[in-house]
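Single-structure report; data block below.
Protein chains in written order, with the working numbering: chain C, 6 to 455; chain Z, 6 to 455.
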């Protein structure tokens with residue numbers, strides 16, 4: 006059965022911790038899946054979590070540590086001594102250890118590394134720290150299984166058994182030559198059913214091997230693993246030597262982070278933030294966008310001020326200002342959202358920009374005709390037929406313009422290697438507000454013959 | 006080396022197809038990775054694609070077929086006879102075959118099924134068609150590897166070799182009892198290094214087995230696989246019998262679709278659409294939101310109409326209408342985006358609503374103070390100190406209200422099991438527009454003593 010964490014369970018547990026009821030904790034907590042234990046520790050105080058954590062065996066500790074929520078883990082680690090941190094790192098996969106270490110100050114990193122007993126593990130971690138977080142090098146782990154192409158299967162099995170101790174999840178064996186250059190892959194399934202005397206060179210697949218370079222961006226890694234349906238991908242250095250592997254579960258995190266970032270950029274938040282972050286950090290990520298919107302609003306005020314005479318004569322013109330700006334904003338956001346997503350999928354590099362614009366224009370015409378017909382009736386009811394005409398003609402024009410801007414801006418941003426998700430946010434809405442107001446009042450002045 | 010598709014390569018290929026240069030095609034196309042071949046076929050006409058497709062061997066055909074873009078594949082399949090479709094389905098994994106079949110009419114499904122030669126495969130597919138697309142049953146495949154808990158390793162190897170022929174990617178062996186009930190899992194790595202005479206019951210892991218039920222929703226499957234870091238998860242029926250497995254690559258698609266849907270909902274698009282869809286389908290997904298926005302705009306017009314006297318006396322009040330509505334909209338979208346994401350992560354069910362509201366209120370106060378101080382100066386410059394006060398006081402109030410609405414609405418929607426991403430879109434902006442206008446003009450009337 007799957008474990009479900011309840012408030013009741015938590016209060017019982019708290020009571021048992023206060024009582025130091027180790028037997029109960031062993032039977033009811035330590036027997037659970039590591040992900041469930043982590044979920045429980047997330048809800049406890051640092052002291053309570055520490056009490057349970059140090060009752061677990063090393064392997065379980067490592068698994069639980071990596072499953073904790075980031076801020077809980079940071080708090081937990083900062084309550085440990087450098088020696089204790091060093092001990093924990095030795096049980097982790099190299100990529101996880103490097104990620105955790107990367108969060109500490111340079112000074113503390115040195116201290117922790119010097120306290121590590123396993124020199125090889127320490128070396129791996131130090132090596133990984135050299136890579137940029139957002140590259141294949143920053144994502145990869147040093148734990149993988151490799152076989153030499155000239156080995157027979159039985160030798161391979163002996164060597165693999167030794168290597169496999171360090172590697173938790175084995176999907177594919179990477180085949181290298183004498184110079185440690187990647188020459189192919191071999192599935193565990195194939196090896197399992199091979200005769201002991203056959204050679205790796207007869208079994209392995211050396212055609213169309215998919216790999217990434219340490220310097221490839223994490224987005225490229227995602228694209229490659231998705232395109233080629235891989236659960237793990239080998240990483241090679243500049244000399245084509247095998248140096249690591251990246252597994253799909255690490256890449257799923259990148260995919261989710263990318264989606265979150267796009268969603269937030271489109272919502273006018275400049276940095277990936279979570280609701281647990283500090284007020285100041287949240288404000289810093291949000292206020293720049295509000296400045297842009299305020300600047301836009303000020304320019305909008307300027308536009309309306311130019312047409313002050315119109316409003317004095319026909320105050321009802323002011324009634325429909327929010328309608329015009331809201332419609333321009335919404336249409337623009339819709340159009341840009343579609344473009345942003347098709348760009349994110351990597352499609353469309355062949356589809357011509359004109360084609361996209363053409364389709365958006367048709368959709369905008371259809372929407373524009375339907376909506377401006379309706380608004381004519383509404384505005385007529387508010388004032389008279391002239392206002393009806395002003396609002397419906399300008400609404401139609403605004404919808405078409407907003408759709409074109411909404412399509413063009415992300416394409417242009419993308420061309421200049423700026424994240425197009427930027428466009429779905431305050432950018433497009435602000436621009437459309439200003440253009441919309443200008444169209445609206447110009448049409449108004451013309452039709453009212455002012 | 007990774008293959009890069011260029012325009013030049015495409016035109017050469019088209020020329021070679023026209024020339025029926027099979028030798029060139031064999032050497033330059035059929036030797037590529039299936040994902041690359043699919044990318045190429047996506048760009049060709051149906052006839053060109055068919056020409057290349059039927060030069061490939063069955064296994065390659067199946068791989069390429071599943072990698073084609075959805076609309077290309079639909080077009081391609083509709084150009085085949087039912088017999089040809091049946092032949093293609095037999096080479097696919099059961100879940101892929103069921104997905105493809107599910108797109109056809111009931112009549113055509115029956116025809117295709119009756120033309121299939123492999124009865125077992127046909128039965129598997131028919132069975133899968135019974136499940137809802139958005140459940141574990143709809144995601145699972147019938148190809149998996151299972152071992153009986155009472156088998157010795159050498160018997161297991163013999164049986165697995167037979168089973169493994171049908172299963173492309175093997176990650177984990179599922180261990181069942183005599184009644185076919187799932188009792189545990191066994192990693193391939195463990196089996197590889199086990200002595201031939203040991204029993205599966207000594208090797209397998211029977212504690213904390215993670216599985217899903219056929220009726221579980223696909224979102225639950227995603228959550229389980231993410232939480233427990235799985236590359237594949239076994240699926241059991243109501244009687245706990247093993248009936249299928251779901252692999253992480255299928256779930257990655259669900260994750261991406263979910264993220265896309267949220268992004269689009271937040272952008273005011275009611276259905277997951279792609280830029281390749283028809284104008285009518287795109288319009289249908291977009292126009293309901295524009296109606297909501299237009300309705301909001303009309304209500305806004307009503308609010309302003311109530312304060313017509315104020316605008317006649319102080320026309321400059323109209324200048325800042327777009328600023329007030331834009332700021333309310335942007336703040337609301339920012340606040341709701343953060344809540345929507347923390348809800349999507351499944352976090353926060355323990356965190357109290359009051360706590361979230363409190364933090365948002367503080368962020369809003371900070372933003373409100375900074376921005377309304379600046380706008381005071383701007384509005385002063387436009388008209389005078391009174392307008393400065395009106396705009397800055399109402400901007401401050403609007404920011405605070407918008408932040409609270411933006412936080413509350415997604416929480417309320419979520420409570421009533423409605424997708425909270427709805428809130429980040431036109432909903433919150435429209436509501437904030439109306440409330441904002443009301444606040445602005447009320448403050449204006451008060452300060453101008455009208």
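Heads up, the beta-carbon is just placed ideally off N, CA and C, and yes, glycines get one too.
Proximal chain Z residues relative to residue i, where beta-carbon distance stays under 7 Å
i: residue 335/C; result: 273, 294, 295, 298 and 431
i: residue 269/C; result: 342
Opening and closing residue of the beta strand (DSSP E) in which residue i lies
i: residue 179/C; result: 177 to 181
i: residue 153/C; result: 151 to 153
Buried or exposed (CB count within 10 angstroms, at least 16 for buried), residue i
i: residue 288/Z; result: buried
i: residue 437/C; result: buried
i: residue 201/C; result: exposed
i: residue 143/C; result: buried
i: residue 407/C; result: buried
i: residue 98/Z; result: buried
i: residue 237/C; result: buried
i: residue 286/C; result: exposed
i: residue 386/C; result: exposed
i: residue 41/C; result: buried
i: residue 388/C; result: buried
i: residue 20/Z; result: exposed
i: residue 84/C; result: exposed
i: residue 166/C; result: exposed
i: residue 244/Z; result: exposed
Where the alpha helix (DSSP H) through residue i begins and ends
i: residue 291/Z; result: 284 to 311
i: residue 117/Z; result: 111 to 120
i: residue 223/Z; result: 223 to 232
i: residue 188/C; result: Careful: residue 188/C lies outside any alpha helix (DSSP H), inside the beta strand (DSSP E) at 187 to 192.
i: residue 332/Z; result: 326 to 349
i: residue 93/C; result: 87 to 95
i: residue 17/C; result: 12 to 23
i: residue 51/C; result: 51 to 58
i: residue 9/Z; result: First-last for residue 9/Z: undefined, no H or E at that position.
Chain C within 7 Å of residue i, Cβ atoms only
i: residue 320/Z; result: yes
i: residue 332/Z; result: yes
i: residue 254/Z; result: yes
i: residue 438/Z; result: yes
i: residue 157/Z; result: no
i: residue 247/Z; result: no
i: residue 383/Z; result: yes
i: residue 22/Z; result: no
i: residue 213/Z; result: yes
i: residue 339/Z; result: yes
i: residue 323/Z; result: yes
i: residue 309/Z; result: yes
Residue-chain proximity (residue i, chain Z), Cβ-Cβ < 7 Å
i: residue 175/C; result: yes
i: residue 194/C; result: yes
i: residue 115/C; result: no
i: residue 421/C; result: no
i: residue 315/C; result: no
i: residue 415/C; result: no
i: residue 346/C; result: yes
i: residue 16/C; result: no
i: residue 265/C; result: yes
Chain Z residues whose Cβ lies nearer than 8 Å to that of residue i
i: residue 455/C; result: Per Cβ cutoff of 8 Å: no residues; residue 455/C is ~14 Å from chain Z at best.
i: residue 435/C; result: 331
i: residue 367/C; result: 284
Neighbour list for residue i in chain Z, Cβ cutoff strictly below 9 Å
i: residue 372/C; result: 288, 291, 292 and 295
i: residue 198/C; result: 162, 165, 166 and 169
i: residue 77/C; result: Those do not exist, as residue 77/C stays about 11 Å from chain Z at its closest Cβ, beyond 9 Å.
Proximity test, Cβ basis, 7 Å: residue i and chain A
i: residue 340/C; result: Although the question refers to chain A, the structure presented lacks it and instead comprises the protein chains C and Z.
Residue i Cβ short of 6 Å to the ligand GTP heavy atom set
i: residue 390/Z; result: This structure does not include the ligand GTP; it has no bound ligands of any sort.
Interface partners of residue i on chain C, CB under 9 Å
i: residue 380/Z; result: 299, 302 and 303
Chain-ordered chain C contacts of residue i [CB-CB under 7 Å]
i: residue 232/Z; result: 40
i: residue 279/Z; result: 347
Point to revise | Start-end ranges of the alpha helix (DSSP H) lying completely within the region 234 to 287 of chain Z, minimum 4 residues | key: 253 to 271
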